[in-house]
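Participant: My structure is below; once you've seen it, I'll send some questions.
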Amino acid sequence: MKCLGTCIVLGVIVLASAANLNLHPLSDENIALINQKAKTWKAGKNFEMKEWDRVKKIMSGVLPYTGERKIAKAQPHLEIDAIPESFDSREAWPQCESLKTIWDQSNCGSCWAIAATAAMSDRICIHSNQTRQTFVSVEDLNTCCYSCGNGCDGGNPDLAWSYWNSSGIVTGGLYQGNQGCKDYTLIPCEHNVDYNTRPQCSSVSSKTPYCFTICSDRSMDYKESLTFGEIPSYFEEEQQIQLEILKNGPVETSFTVMDDFASYKSGVYQATSGISVGRHSMKILGWGVEDGTPYWLIANSWNTDWGLDGYVKFLRGENHLKIESNCVAALPIL
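Mapping the sequence shown onto UniProt numbering, position 69 (from 1) lands on 69, and the numbers just tick up by one.
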């Protein structure tokens, strides 16, 4: 009887575990399970279950790159010792409007292009002593860089920064932002079930817009609107990344995204799920420590009603989900 009782208990556990594996990633039951497992962050409902296929697309906009990466040279220990416990680019360069901007990629897998051009815009402002409020065009990069990938069906961050160096990217900002030659043409859509202030993302086109080599504002010249960057550098270690941000501004990163990331609300994110849905790209602009857990401060591109007003705190120092081994950036040519 003792053996029978033990076997029944073990059987229930196995069945429960099997059932958990079959939970829908966006279901209330799965979110409750995430919150049982997560020790440093809170999950909540951001998307409807019926949107899962669409959500997977906006979480997997990074395509692989097989080329050789030039890794940035490690910094002297004297500089490493001077790294502060916390840093926020928005506070260090308060006059830079791009640093305060949270993007909305709409129903398009353009995270790779948004994180790249957002960091490029930041760096133009930073290296002009906060005098140039230039937005580098997501639209131009996403639609015209054929070597980068497939636009709304994904692209590669390394190739985006190389394209900035070789071909240049025109100015342009948010949807209907009147911020340069080519603003983003994909309308912001709703990324949070608790709000209903924008069109539902499922009703918005997911196709890559056409590439036009003319400015939307016909009074502007396309070639004269081009911005350029130097040859990109790559960073693979926590302290290298921190020093780069301290000196030159935010960097782009990409990471292996797990299905629980879609339900992030607050705290320091670290995956509770082992189910990968692809790779996602975001912009690192700082770091800190929350309740003893070190984190990166990162801007996502799902508007301000996702996460912490559009931001996420992400586990730092352990290369969690390859967050630290896929950073790229370049200096602007002013």
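Built from N, CA and C at the ideal position, the CB exists for glycine as well.
1) Please report the straight-line C-alpha distance between N300 and M220, rounded to a whole angstrom.
2) Tell whether a beta-carbon distance below 8 angstroms holds between F255 and K322.
3) Can you tell me whether G292 is helix, strand or coil according to DSSP?
4) At the level of alpha carbons, what is the spacing between Y163 and S325?
5) Compare the Cα-Cα distances from S225 to each of C189, G173, V268, S233 and report the closest residue.
6) With a cut-off of 8 angstroms on the beta carbons, I'd call V268 and T40 a contact; round off their distance for me.
7) Please list, in chain order, all residues of the same chain as G317 whose beta carbon is under 7 angstroms from its beta carbon, the five residues on each side excluded.
8) Taking Cβ to Cβ, would you say Y210 is nearer than 8 angstroms to T131?
9) Quick check: what's the CA-CA separation for residue 351 versus A43?
10) Taking the beta carbon of T253 as the centre, do at least 16 other beta carbons fall within 10 Å, making it buried, or is it exposed?
11) Take the Cβ of A160 as the centre, count every other Cβ of all protein chains shown within 10 Å, and call the residue buried at 16 or more, exposed below.
12) Please state whether the Cβ-Cβ distance between residue 338 and G229 is less than 8 angstroms.
13) Give every residue of the same chain whose Cβ lies closer than 7 angstroms to the Cβ of H280, excluding the five residues on either side of it in the sequence, and list them in chain order.
14) Ignoring anything shorter than 4 residues or poking outside the stretch 94–130, list the alpha helix (DSSP H) runs there in chain order.
15) With distance defined between alpha-carbon atoms, name the residue in W306, T304, V312, P250 nearest to C96.
16) Give the DSSP-derived three-state secondary structure of R218 in the structure shown.
17) Terminal residues of the continuous beta strand (DSSP E) containing Y234?
18) Take S233 and list the residues in its own chain whose beta-carbon comes closer than 7 angstroms to its own, dropping the five residues that flank it on each side.
19) Work out the CA separation of E79 and A199 for me, nearest whole Å.
20) Taking the continuous alpha helix (DSSP H) assigned at Y163, which residues delimit it?
21) Using only alpha-carbon positions, find the residue among S276, E290, L297, A271 that is nearest to K283.
Facilitator: Considering the structure as presented:
1) 30 angstroms
2) Taking C-beta atoms as the reference points, F255 and K322 count as a pair closer than 8 angstroms.
3) The DSSP-derived three-state label of G292 is coil.
4) 21 angstroms
5) Ranking C189, G173, V268, S233 by Cα distance to S225 puts G173 first.
6) 4 angstroms
7) E238, P294
8) Not in contact: Y210 and T131 (Cβ atoms no closer than 8 angstroms).
9) The structure shown has nothing for residue 351, since the chain only spans 1 to 334.
10) buried
11) buried
12) With the chain covering only 1 through 334, there is no way to say anything about residue 338.
13) M59, S60, G61, V62, C111, S254, F255, V257
14) 111–126
15) For C96, the nearest C-alpha among the options comes from P250.
16) For R218, the secondary structure class from DSSP, reduced to helix, strand or coil, is coil.
17) 233–235
18) K70, A72, A329, A330
19) Correcting the residue type first, residue 199 is Pro in the shown sequence and not Ala. If I take the Cα positions, the gap works out to 48 angstroms.
20) 157–166
21) L297
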